[in-house]
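Please read the structure below before turning to the comments.
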Amino acid sequence: MASSLEIRALHGGDIPLIVGWARAEGFCPGHGDVEIYRQTDSQGLWVACLHQELIGCIAGVRYSQAYGFIGLFIVAPQHRGRGYGLQLWRHALEHLADVTCVGLEAAPERIADYASWGFQPASPTSRWRRQGSIAPGPPPELPGLALVEAAALPDQVVQAYDAVREPSPRPHFLRDWLHHPAGTVLALIDPLGQCHGFGRIRPCLLPQGSG
316 MASSLEIRAL HGGDIPLIVG WARAEGFCPG HGDVEIYRQT DSQGLWVACL
366 HQELIGCIAG VRYSQAYGFI GLFIVAPQHR GRGYGLQLWR HALEHLADVT
416 CVGLEAAPER IADYASWGFQ PASPTSRWRR QGSIAPGPPP ELPGLALVEA
466 AALPDQVVQA YDAVREPSPR PHFLRDWLHH PAGTVLALID PLGQCHGFGR
516 IRPCLLPQGS G
């Protein structure tokens, strides 16, 4: 029964199993993603245990008093339909109860479920994929803008751009995200040194194959 479930903080040793679940679900986790979220909010990741067996997980990461994010919400397939996911969900919501705005990503078939908890669609997310054997074309010409590796820029340049486009500044998350050794971060910079966009490309784990 769901009442016998134990929810505890995620430990470092739990991460390989959690990442494996996320990979199997098609979340395409990147190398180090869970650790970055854990460093952003050390109290915002949990696992569910049934008789000392890990059967589920969830993240409810608090960026600030103004903004939090729920993700990594998984229950092992053989334990679904028994109320364990609902307990995890409520645990994350309780952690973020005093946060002004809470975001999440929802598969199209789950939008109605999250709407019943008061969530409203904000913007669509598209996933793009390119086969590694196809050579990329040249980058487009962008007059007045230069494509620069973020490692060569002060963190504040990218953080200032991000802060006005997200519900809340998230300097701790961005610092770890921008400087993680897996992948490359590029930013569009104008002659005054201001950022007009940035992105990070990194290795991730596909549901099938080696990467």
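With the numbering used here as the guide, the letters of the sequence shown map in order to residues 316 to 526.
Every residue, glycine too, gets a C-beta built ideally from N, C-alpha and C.
Going by C-alpha distance, which of Pro469, Ser357, His495 is nearest arginine 515?
Within the sequence shown, numbered from 1, the residue matching residue 515 stands at position 200. For arginine 515, the nearest C-alpha among the options comes from His495.
Would alanine 363 and glutamate 321 qualify as a contact pair, given that the criterion is a beta-carbon distance under 9 angstroms?
As a working note, residue 363 is residue 48 in the sequence shown. As a working note, residue 321 is residue 6 in the sequence shown. Taking 9 angstroms as the Cβ cut-off, alanine 363 and glutamate 321 qualify as a contacting pair.
Cβ distance (whole Å) where serine 379 is taken to contact proline 484 below 8 angstroms:
Within the sequence shown, the letter at position 64 stands for residue 379. Within the sequence shown, the letter at position 169 stands for residue 484. Yes, they are in contact, since the Cβ atoms of serine 379 and proline 484 sit about 7 angstroms apart, within 8 angstroms.
Out of Gly386, Tyr399, Gln474, which has the shortest C-alpha to C-alpha gap to tyrosine 429?
Taking the sequence shown and counting its residues from 1, the one referred to as residue 429 is at position 114. Ranking Gly386, Tyr399, Gln474 by Cα distance to tyrosine 429 puts Gly386 first.
Classification of glycine 327 by the beta-carbon crowding that lies within 10 angstroms, buried from 16 upward
Walking along the sequence shown from the start, residue 327 turns up at place 12. Its Cβ having fewer than 16 others within 10 Å, glycine 327 is exposed.
Would you tell me roughly how many angstroms separate the C-alpha atoms of phenylalanine 513 and alanine 475, rounded to the nearest one?
Position 198 of the sequence shown, counting from 1, holds the residue named residue 513. Position 160 of the sequence shown, counting from 1, holds the residue named residue 475. So the two alpha carbons sit approximately 11 angstroms from each other.
Within 9 angstroms (strictly less), CB to CB, does leucine 462 reach chain C?
Among the chains in the structure shown there is no chain C, since it carries only a single protein chain.
Quick one: what does DSSP say glutamate 464 is sitting in, helix, strand or coil?
Translated into the one-based positions of the sequence shown, residue 464 becomes position 149. Here glutamate 464 sits in strand by DSSP.
Contained beta strand (DSSP E) runs [length at least 3] in the region 317 to 390, N- to C-terminal order
321 to 324, 360 to 365, 368 to 377, 382 to 390
Note down, in chain order, each residue of its chain lying with its Cβ closer than 8 angstroms to the Cβ of aspartate 477, except the 5 sequence neighbours on either side.
Working through the sequence shown from its first residue, we reach residue 477 at position 162. Within the same chain, aspartate 477 has close Cβ partners Pro484, Arg485, Leu489, Phe513.
Outcome for glycine 375 when other beta-carbon atoms lying within 10 angstroms are tallied against a minimum of 16
Residue mapping note: residue 375 aligns to position 60 of the sequence shown, counting from 1. Classification for glycine 375: buried.
Pairwise C-alpha distance: glycine 383 and histidine 394:
As a first step, residue 394 is located in the sequence shown; it is residue number 79 there, counting from the start. As a first step, residue 383 is located in the sequence shown; it is residue number 68 there, counting from the start. Going by the C-alpha atoms only, they are around 27 angstroms apart.
Can you give me the start and stop residues for the beta strand (DSSP E) that phenylalanine 513 sits inside?
For the purposes of this step, residue 513 is taken as residue 198 along the sequence shown, with counting starting at 1. Here the beta strand (DSSP E) through phenylalanine 513 covers 510 to 516.
Going by DSSP in three states, glycine 400 sits in which element: helix, strand or coil?
Here residue 400 refers to the residue found at position 85 when the sequence shown is read from its first residue. In this structure, glycine 400 counts as helix in the three-state DSSP scheme.
Supposed close pair glycine 508, valine 472 - CB separation, criterion 8 angstroms:
As a first step, residue 508 must be located in the sequence shown, where it is residue number 193. As a first step, residue 472 must be located in the sequence shown, where it is residue number 157. The Cβ separation is near 6 angstroms, so the contact holds.
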